[in-house]
Amino acid sequence: MLHLNLKTGALAALLCSSVLAGPALADLASDQLDVAMSRETDFIDPIHTSSADSHLFGTLIFDTLMYADRETGEMLPSLATDWTWVDDTTVEFTLREGVTYQNGEPFNADDVVYTFGLLMDMSNGFRQQEQDFGNITEVEKLGDYSVRITLGEPEPVFANLLASRIVIWPDQYTAEHGHLIHATEPVGTGPYALVSMTRGSDYMLEANPDYFAGARPAPSIGNIRVRVIPETQTQIAEIASGGIDFAMNLNDSDLLALQGMPGIDVTYGQTTRSYFLSMETQQEEGNPMGNADVRRAISHAINKPDIVHGLISPEAAVLQTNCNPTQNYCLTDIEPTYAYELEKARELMESAGYADGFEVDLIAESGLRSIAEALQGELAKINIRLDLDLKPLPAWRTEYIQHESEMSIVGWGNGVSALDVSNSLGIFFNGSSTDYAYDPEIAAWTAEAMHTMDPAKREELYRNALTRINEEAYVVPLYGPVAAYVTSDDVMFEAPFIDFPDLSLVSWKG
Amino acid sequence: MTDTSPDRLPAATEPTPRRLRLRRALRHQGVVLGGGLIILAVLIALFAPLLAPADPIAQNLTGRLLPPVWLDGGSTEHLLGTDHLGRDYLSRLIYGTRVSLIVGLSVMALSGVIGTTLGFIAGYFGGRVDMVVMYIITTRLTMPSLLIALALIAIIGGSLTTMILVMGLLFWDRYAVVVRTATAQIVQGDFVSAARVAGASAPWIIWNEIRPNVMHHVLVIATLEMAMAVLSEASLSFLGLGVPAPTPSWGLMIAEGRTFLFAKPYLVWIPGIAIFLMVLAINMLGDGLRDISQPDGRR
Amino acid sequence: MLSFARDRILLSVCVLLTATFVGFLLLQASGDLAASLAGENASADDIAQLRQQLGLDQPLLLRYWHWLIGALQGDLGTSYFTREPVTGLFAERLGATLTLAIAALVISVVVSLPLGVFAALKPNSWVDGLLSLLALSGQAVPSFWLGLIFISFFGVTLRWLPISGSDTAMHFVLPSVVLAVSAIPALARLVRSGMIEVLSQDYIRTARSKGLPRHRVLMRHALRNALLPVISLTAVQLGALLGGSVIVEAVFAIDGIGQLTFRSIQRGDFPVVQAMLVFVALSYTVLTLVADLMNAWIDPRLRSRK
Numbered sequence: 330m331l332h333l334n335l336k337t338g339a340l341a342a343l344l345c346s347s348v349l350a351g352p353a354l355a356d357l358a359s360d361q362l363d364v365a366m367s368r369e370t371d372f373i374d375p376i377h378t379s380s381a382d383s384h385l386f387g388t389l390i391f392d393t394l395m396y397a398d399r400e401t402g403e404m405l406p407s408l409a410t411d412w413t414w415v416d417d418t419t420v421e422f423t424l425r426e427g428v429t430y431q432n433g434e435p436f437n438a439d440d441v442v443y444t445f446g447l448l449m450d451m452s453n454g455f456r457q458q459e460q461d462f463g464n465i466t467e468v469e470k471l472g473d474y475s476v477r478i479t480l481g482e483p484e485p486v487f488a489n490l491l492a493s494r495i496v497i498w499p500d501q502y503t504a505e506h507g508h509l510i511h512a513t514e515p516v517g518t519g520p521y522a523l524v525s526m527t528r529g530s531d532y533m534l535e536a537n538p539d540y541f542a543g544a545r546p547a548p549s550i551g552n553i554r555v556r557v558i559p560e561t562q563t564q565i566a567e568i569a570s571g572g573i574d575f576a577m578n579l580n581d582s583d584l585l586a587l588q589g590m591p592g593i594d595v596t597y598g599q600t601t602r603s604y605f606l607s608m609e610t611q612q613e614e615g616n617p618m619g620n621a622d623v624r625r626a627i628s629h630a631i632n633k634p635d636i637v638h639g640l641i642s643p644e645a646a647v648l649q650t651n652c653n654p655t656q657n658y659c660l661t662d663i664e665p666t667y668a669y670e671l672e673k674a675r676e677l678m679e680s681a682g683y684a685d686g687f688e689v690d691l692i693a694e695s696g697l698r699s700i701a702e703a704l705q706g707e708l709a710k711i712n713i714r715l716d717l718d719l720k721p722l723p724a725w726r727t728e729y730i731q732h733e734s735e736m737s738i739v740g741w742g743n744g745v746s747a748l749d750v751s752n753s754l755g756i757f758f759n760g761s762s763t764d765y766a767y768d769p770e771i772a773a774w775t776a777e778a779m780h781t782m783d784p785a786k787r788e789e790l791y792r793n794a795l796t797r798i799n800e801e802a803y804v805v806p807l808y809g810p811v812a813a814y815v816t817s818d819d820v821m822f823e824a825p826f827i828d829f830p831d832l833s834l835v836s837w838k839g
Numbered sequence: 024m025t026d027t028s029p030d031r032l033p034a035a036t037e038p039t040p041r042r043l044r045l046r047r048a049l050r051h052q053g054v055v056l057g058g059g060l061i062i063l064a065v066l067i068a069l070f071a072p073l074l075a076p077a078d079p080i081a082q083n084l085t086g087r088l089l090p091p092v093w094l095d096g097g098s099t100e101h102l103l104g105t106d107h108l109g110r111d112y113l114s115r116l117i118y119g120t121r122v123s124l125i126v127g128l129s130v131m132a133l134s135g136v137i138g139t140t141l142g143f144i145a146g147y148f149g150g151r152v153d154m155v156v157m158y159i160i161t162t163r164l165t166m167p168s169l170l171i172a173l174a175l176i177a178i179i180g181g182s183l184t185t186m187i188l189v190m191g192l193l194f195w196d197r198y199a200v201v202v203r204t205a206t207a208q209i210v211q212g213d214f215v216s217a218a219r220v221a222g223a224s225a226p227w228i229i230w231n232e233i234r235p236n237v238m239h240h241v242l243v244i245a246t247l248e249m250a251m252a253v254l255s256e257a258s259l260s261f262l263g264l265g266v267p268a269p270t271p272s273w274g275l276m277i278a279e280g281r282t283f284l285f286a287k288p289y290l291v292w293i294p295g296i297a298i299f300l301m302v303l304a305i306n307m308l309g310d311g312l313r314d315i316s317q318p319d320g321r322r
Numbered sequence: 341m342l343s344f345a346r347d348r349i350l351l352s353v354c355v356l357l358t359a360t361f362v363g364f365l366l367l368q369a370s371g372d373l374a375a376s377l378a379g380e381n382a383s384a385d386d387i388a389q390l391r392q393q394l395g396l397d398q399p400l401l402l403r404y405w406h407w408l409i410g411a412l413q414g415d416l417g418t419s420y421f422t423r424e425p426v427t428g429l430f431a432e433r434l435g436a437t438l439t440l441a442i443a444a445l446v447i448s449v450v451v452s453l454p455l456g457v458f459a460a461l462k463p464n465s466w467v468d469g470l471l472s473l474l475a476l477s478g479q480a481v482p483s484f485w486l487g488l489i490f491i492s493f494f495g496v497t498l499r500w501l502p503i504s505g506s507d508t509a510m511h512f513v514l515p516s517v518v519l520a521v522s523a524i525p526a527l528a529r530l531v532r533s534g535m536i537e538v539l540s541q542d543y544i545r546t547a548r549s550k551g552l553p554r555h556r557v558l559m560r561h562a563l564r565n566a567l568l569p570v571i572s573l574t575a576v577q578l579g580a581l582l583g584g585s586v587i588v589e590a591v592f593a594i595d596g597i598g599q600l601t602f603r604s605i606q607r608g609d610f611p612v613v614q615a616m617l618v619f620v621a622l623s624y625t626v627l628t629l630v631a632d633l634m635n636a637w638i639d640p641r642l643r644s645r646k
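Chains as they are written, first to last, in the working numbering: chain D, 330 to 839; chain Z, 24 to 322; chain Y, 341 to 646.
Next up, the structure:
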């Protein structure tokens with residue numbers, strides 16, 4: 330089966346390259362962008378899973394109905410040339426004509442209807458299917474190039490999904506092979522086609538010569554090869570020696586080594602991700618953090634600017650409210666905020682009856698070790714002794730989801746799917762097992778905001794929620810990271826408005 | 024595993040074998056050098072609070088990544104500079120000796136007790152008992168120890184105790200194999216049969232007659248296992264599954280310092296050399312002990 | 341000889357069964373996978389349903405039985421993470437790891453044989469001293485550290501060799517040398533001690549006194565006999581090399597079964613980890629079995645000994 334995959338992949342490569350014009354073949358070897366990633370991704374299509382990496386591949390291989398302009402964030406026509414909101418829950422799309430899939434299948438309304446059908450069928454078990462697609466109630470074909478989609482309730486952030494996760498699969502190919510075929514042999518309309526891959530480590534993509542070039546231009550680089558290099562020092566060595574042209578996941582400490590190295594460019598961009606310190610706030614015997622004053626003391630005891638600028642990046646955002654300012658409806662003028670005031674923190678601890686402090690377990694993903702250690706050092710100053718339990722990301726997730734965390738560093742969101750503050754507030758303040766605040770009012774506000782179309786009303790609801798979070802100090806907002814794009818200097822790349830890069834926009838300089 | 028233990032023969036007029044061995048040990052370069060380094064490490068570990076110029080876990084975020092004294096910008100205040108959280112690197116190195124020694128010695132002892140016990144039982148009783156023990160040993164050998172350790176620690180969560188327990192419960196195979204062979208040979212000796220005839224119990228014979236005669240084998244294996252435990256601690260820490268923060272450990276120092284491998288290589292070299300020296304010393308001691316117990320250099 | 345072989349094989353099968361069962365038990369302790377697979381915001385019903393789908397609600401023994409039946413038919417289950425058959429994931433990556441392990445084994449044999457032989461010919465000479473020094477140092481260097489240093493020196497400074505990946509044979513040079521460094525000391529010492537022992541045997545003395553040329557005595561008689569324990573150790577070493585390759589593969593970004601297993605451990609992808617345990621146990625068992633049978637065939641005295 331796998332050998333078959335590889336063979337058909339190779340065959341496809343052979344066919345594609347023979348279709349390509351002669352001259353292109355000649356410098357095929359050099360016309361290749363080598364990209365390094367740090368993590369593997371389980372799926373390379375954004376429907377089966379939703380992660381920064383699946384979006385990276387999804388953007389290249391597939392197209393969405395609308396395209397988020399990477400410079401401005403504006404929604405541009407892509408597979409849909411036009412759309413009208415008939416009412417708050419109904420939208421009609423006019424589809425682009427003359428588009429073909431990479432396997433030659435023509436694109437039309439049937440593909441859209443088919444793909445939405447899969448999204449609505451909850452037995453498919455796509456990641457977070459209920460949360461992301463559960464509100465879609467109906468899809469109707471109005472004509473060969475026209476569809477109508479109906480939502481159960483108004484969903485103000487639906488466009489973000491339409492521009493990221495909801496890529497359109499070809500109906501015949503997908504029906505014939507089953508939707509999991511897109512995990513190994515994806516076929517889309519996008520600017521690059523997957524030629525071959527070793528899942529988890531090596532992906533070879535080739536420019537689609539027939540790309541329709543709607544919202545984005547036709548690809549200019551012949552091949553893109555994405556490799557997973559888990560050890561960041563190895564990535565740096567590869568960049569330094571020219572083996573990699575583009576590294577996606579390096580952070581500021583890594584970049585220290587590349588400072589002043591000739592031939593290397595670093596571009597910083599914004600992200601929608603944010604990190605916060607989560608606390609078990611249930612008021613019960615033996616839980617000091619059930620006391621709001623203790624949580625306020627913790628908030629005052631952490632020197633956020635020093636930690637964030639020192640350990641993350643001087644460019645990273647120090648958060649005072651629990652969201653990243655790049656997110657829509659992330660309000661930064663919320664009162665009260667907690668400045669670094671050690672004396673005040675000690676007083677609060679004393680008046681709460683915890684002058685001698687207490688012990689608490691902090692669980693975090695092992696990648697956050699330095700932040701966790703820094704917090705440990707900071708809280709020791711008000712006699713709170715943190716026992717750090719660092720574990721691999723999945724193990725941490727399990728524990729956090731199962732509501733077994735006393736204290737934890739949580740990082741959440743990326744790219745377009747987190748472009749709206751609902752993405753993070755809706756998951757950590759919604760009464761589910763990942764809600765450690767237990768505030769029914771916040772849960773009600775965020776739930777209402779999720780289905781409110783009126784911008785002023787939404788802002789009011791989120792203002793209520795964010796204010797309450799700060800008043801009660803349910804969490805300590807920490808930082809919004811920056812995205813660093815490290816490229817060799819013959820690569821032309823503009824940092825996107827958020828961490829949702831489109832590698833098809835990369836070109837060679839000169 | 025052919026073994027001729029010449030020192031077992033009683034020597035009436037000569038100095039006791041033990042004293043002979045000690046005398047030989049003191050003449051052996053490897054033993055003196057390796058043993059000396061280990062004693063030094065033990066002293067450093069014991070007196071860490073007196074030796075360390077600063078608190079190894081005290082952070083100073085404004086004084087991060089200061090270079091060591093021999094580089095530009097270094098100062099005598101932090102002889103080896105500071106790490107990414109502004110902690111004094113020399114102090115962390117000094118306190119790190121503790122973790123390496125504790126892990127090394129505890130794993131050595133735990134696995135030693137398990138392995139030698141199994142070896143004694145198998146070698147002494149032979150027959151079916153031996154078959155069962157061999158079965159256990161073979162089963163253990165078919166399981167990749169590093170992978171199992173990784174999996175277990177990922178499941179349970181890393182702590183000093185977990186790490187020692189997991190490694191101790193995995194690294195006993197070599198003791199068992201060697202002690203079993205040696206015991207089986209000794210059991211055939213006259214003095215063992217004599218003790219049996221005299222009505223001595225099996226534990227008594229094992230403890231008083233057999234144990235003294237296999238100890239030198241056990242010591243050699245013990246050094247190997249200790250070296251392996253020190254290295255494994257470093258590897259586990261490198262993979263993010265080592266001792267929990269803020270306990271300073273050399274493996275952890277390398278793991279944390281490797282973010283700066285190219286920018287500030289000394290952060291990796293300093294703990295790396297410490298591990299290298301420690302393991303080298305343990306191995307030299309082990310080699311020396313083997314030479315002494317087998318004077319003709321045979322194995 | 342036949343009954344020896346039969347007993348030996350029977351024992352191996354039992355050991356394999358025990359090892360896989362113990363592995364199965366250990367991995368089952370890894371907590372509730374269904375919860376993490378279901379993801380943030382999943383309801384209790386979703387989790388229960390997923391648990392049922394994955395068969396996690398059945399009793400342990402029954403699950404082991406199902407797994408075993410499948411494994412005997414070459415079906416090692418499906419990865420929880422990528423939903424692909426484990427056998428396929430494995431087959432795809434086995435090549436890289438085997439290349440790495442075998443290359444490391446060849447390098448270590450090629451280096452340790454002459455080193456051990458020379459050291460044995462002149463015990464306590466400078467060659468012997470050099471050997472112990474190399475052996476001691478080789479054992480004392482953590483492989484991840486050596487790997488990173490090799491990368492920065494041979495890959496970045498000198499630019500002699502590719503740094504990461506597994507595209508060409510050249511890509512395997514650095515990682516297999518790093519892996520070999522950890523295997524050389526034990527092998528070289530074994531060759532040395534084996535040679536010293538064989539050289540002192542009567543038949544070698546006889547052969548020498550007969551006036552046979554020195555190198556012929558060495559090659560024909562001594563080395564051949566000294567090699568037997570080396571073959572056994574090689575079998576054991578291969579297992580260690582596979583374990584060591586976890587780290588080397590991570591440093592050099594080689595997507596072999598070591599990396600696959602490590603990632604699977606991290607995300608609790610239990611069927612893949614179990615498959616790795618089976619693979620190592622199986623290869624260890626087969627290799628030692630072959631070595632044992634070979635030794636028994638060559639030296640009949642071993643047959644009576646268990």
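Ideal placement from N, C-alpha and C gives every residue a C-beta, glycine not left out. Since we're looking at a predicted model, the values are computed, not measured.
1. At least one CB of chain Z closer than 7 angstroms to the CB of S475(D): is that the case?
2. Closer than 8 angstroms by beta-carbon distance: list the chain D residues that pair up with Q606(Y), in chain order.
3. Under a three-way DSSP split, which group does G351(D) fall into?
4. Along chain D, which residues have their Cβ under 8 angstroms away from the Cβ of L175(Z)?
5. Check D695(Y) in the structure and name its three-state DSSP category.
6. Run down chain Y in chain order and give the residues with a C-beta less than 8 angstroms from the C-beta of V557(D).
7. If you follow the alpha helix (DSSP H) that T206(Z) is part of, which residue opens it and which one closes it?
8. Of all the options G395(Y), L471(Y) and S465(Y), which has the alpha carbon lying nearest to the alpha carbon of L453(Y)?
9. With a CB to CB cut of under 7 angstroms and the five nearest residues on each side skipped, what residues in its chain are close to S407(D)?
10. What does a CB cutoff of less than 8 angstroms around V415(D) pick up in its chain, not counting 5 residues either side in sequence?
11. Kindly list, in the order they appear in chain Y, the residues whose Cβ is closer than 7 angstroms to that of A840(D).
12. Rounded to whole angstroms, what is the Cα-Cα separation between D356(D) and F541(D)?
13. Run down chain Z in chain order and give the residues with a C-beta less than 8 angstroms from the C-beta of Q562(D).
14. Shorter than 7 angstroms from the beta carbon of T422(Y) to some beta carbon of chain D?
15. Take A586(D) and list the residues in its own chain whose beta-carbon comes closer than 7 angstroms to its own, dropping the five residues that flank it on each side.
16. Ends of the beta strand (DSSP E) at K470(D)?
17. Helix, strand or coil for D716(D)? Go by DSSP, reduced to three states.
18. Quick check on D371(D) - is its C-beta less than 7 angstroms from some C-beta in chain Y?
19. Any beta carbon from chain Z within less than 7 angstroms of V450(Y)'s own beta carbon?
20. From V618(Y), A636(Y) and L627(Y), pick the residue whose C-alpha is nearest to that of L356(Y); which is it?
21. When you compare the CB positions of A145(Z) and R203(Z), do they come within less than 7 angstroms of one another, or not?
A quick look at the data gives this:
1. Interface flag for S475(D) against chain Z is unset, since no Cβ pair is found closer than 7 angstroms.
2. Within chain D, the C-beta atoms nearer than 8 angstroms to that of Q606(Y) come from P721, L722, P723 and A724, in chain order.
3. Reliability of the predicted coordinates at G351(D) is poor, the pLDDT of 30 falling under 50, and no value is obtained from them.
4. Here the premise fails: no neighbours, minimum Cβ distance about 12 angstroms.
5. Within the shown structure, residues of chain Y are numbered from 341 to 646, placing residue 695(Y) beyond reach of any answer.
6. From the beta-carbon of V557(D), the residues of chain Y found nearer than 8 angstroms are A593 and D595.
7. Unbroken alpha helix (DSSP H) run through T206(Z): D196 to V210.
8. Restricting attention to G395(Y), L471(Y) and S465(Y), the CA atom closest to the CA of L453(Y) is found in L471(Y).
9. Same-chain partners within the cutoff: D392, T393, L394, M395, Y396, G543 and A544.
10. Sequence-distant Cβ neighbours of V415(D) in its own chain, meaning closer than 8 angstroms and more than five residues away, are E421 and R477.
11. Because residue 840(D) is not part of the residues shown, which for chain D are 330 to 839, the question remains open.
12. Residue placement at D356(D) cannot be trusted, given a pLDDT of 31 that sits under 50; the coordinates are not used to answer.
13. In chain order, R281, T282, L284 and F285 make up the part of chain Z whose C-beta sits under 8 angstroms from the C-beta of Q562(D).
14. Judged by the 7 angstroms Cβ criterion, T422(Y) is in contact with chain D.
15. Counting only Cβ-Cβ distances below 7 angstroms, and skipping sequence neighbours, we find I565.
16. Looking at the DSSP string, the run of the beta strand (DSSP E) that includes K470(D) is I465 to G472.
17. Of the three classes helix, strand and coil, the one that applies to D716(D) here is strand, per DSSP.
18. So, interface residue.
19. With 7 angstroms as the cut-off, V450(Y) does not count as an interface residue toward chain Z.
20. The residue from V618(Y), A636(Y) and L627(Y) with its alpha-carbon nearest to that of L356(Y) is V618(Y).
21. Yes.
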